[in-house]
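Taking the numbering used here as reference, the numbering of the sequence shown is continuous, increasing by one, and the terminal residue is 262. Yeah, the Cβ is synthetic: ideal placement off N, Cα and C, and Gly gets one too.
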Amino acid sequence: MKIYIVYDSEGGHTEALAHAIAAGAALVENAEVQVHSVQEADVRALPEADAIIWGCPGHFGTISAGLKAWIDKLGYLWAQGKLIDKIGGVFCTTATEHGGLESTMVSLMTPMLHQGMIVVGLPGNIPQNATYGSYYGVGVTCPIDSEELLSGQGKELGRAFGKRIAEVTRRFART
């Protein structure tokens, strides 16, 4: 099963979270995971994916311009119904605790729902999510002055989310 992860990152925090998600997804048997920045991601590859996960830094509670521009290229896939029933998931980072993580994730889900995708969140029964997470996907606060790009808790959440997406995808995958 093919899992395609796309991220926009400015300071490396969201990229680090994308790779943590990929590491979790790779734990599931037969998962082929690709991670791409928006600058290199190819929308033409999406119809072959079984799951698509995208994320960005939250900008004032919504999608970054870089990822939004990439998502806006998906119109022809919508017109052809190419992403219907694909598994989807979202993630984001913000610099402050109340920087709009959840509103950004909801904004990230909206294009997936328009595409007819099946959006998967991170339920509260997953231990990593019980204290630090969000049901919408993975949202991590990454203070600008922190010495690490992603906290240990952020990495755990990312891996748990990637594994969950891969497990759900396995139930729906064509192969």
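Compute the distance between the beta-carbons of residue i and residue j, then report whether it is under 8 Å.
{"i": "glycine 111", "j": "alanine 247", "result": "yes"}
{"i": "valine 255", "j": "valine 207", "result": "yes"}
{"i": "alanine 132", "j": "tyrosine 163", "result": "no"}
{"i": "tyrosine 223", "j": "methionine 192", "result": "yes"}
{"i": "alanine 103", "j": "leucine 209", "result": "no"}
{"i": "serine 221", "j": "proline 144", "result": "no"}
{"i": "valine 122", "j": "leucine 154", "result": "no"}
{"i": "alanine 107", "j": "tyrosine 94", "result": "no"}
{"i": "alanine 152", "j": "isoleucine 231", "result": "no"}
{"i": "tryptophan 165", "j": "glutamine 202", "result": "yes"}
{"i": "proline 134", "j": "lysine 169", "result": "yes"}
Mind checking which residues open and close the beta strand (DSSP E) that includes residue i?
{"i": "threonine 228", "result": "225-228"}
{"i": "isoleucine 252", "result": "No beta strand (DSSP E) contains isoleucine 252, which is instead part of the alpha helix (DSSP H) from 239-259."}
{"i": "valine 93", "result": "89-94"}
Residues in the same chain with beta-carbon distance under 6 Å from residue i, minus the five sequence neighbours each way, listed in chain order, please.
{"i": "serine 243", "result": "Sequence check: residue 243 is glutamate here, not serine. Result list for glutamate 243: Gln215, in chain order."}
{"i": "cysteine 229", "result": "His100, Thr180"}
{"i": "proline 263", "result": "The displayed coordinates of the chain run from 88 to 262. Any statement about residue 263 would go beyond what the structure contains."}
{"i": "glycine 175", "result": "Ile139, Met199, Met204, Val206"}
{"i": "glutamate 119", "result": "Lys89"}
{"i": "aspartate 137", "result": "Met88, Lys89, Thr256, Ala260"}
{"i": "valine 225", "result": "Phe178, Leu244, Gly245, Phe248"}
{"i": "methionine 196", "result": "Val177, Val206"}
Spell out the partners DSSP gives residue i in its beta bridges.
{"i": "serine 221", "result": "Gly224"}
{"i": "glutamate 206", "result": "In the sequence as presented, glutamate is not what sits at residue 206; that position holds valine. Partner(s): Gly175."}
Closer than 8 Å by C-beta to residue i: which residues in its own chain qualify, once you throw out the five before and the five after it? Chain order, please.
{"i": "leucine 114", "result": "Arg246, Gly249, Lys250, Ala253"}
{"i": "aspartate 129", "result": "His123"}
{"i": "alanine 156", "result": "Val125"}
{"i": "glycine 186", "result": "Gly145, Gly148, Thr228"}
{"i": "isoleucine 171", "result": "Gln202, Gly203, Met204"}
With residue i as the anchor, note down where its alpha helix (DSSP H) starts and where it stops.
{"i": "methionine 199", "result": "188-202"}
Apart from the five residues on each side of it in sequence, which residues of its chain come closer than 7 Å, Cβ to Cβ, to residue i?
{"i": "serine 190", "result": "Gly148, Thr149"}
{"i": "alanine 109", "result": "Ile92, Val120, Val122, Gly249"}
* To do: Can you check the segment 107-180 for any beta strand (DSSP E) of at least 3 residues that lies completely inside it and give the ranges in chain order?
  => 119-124, 138-144
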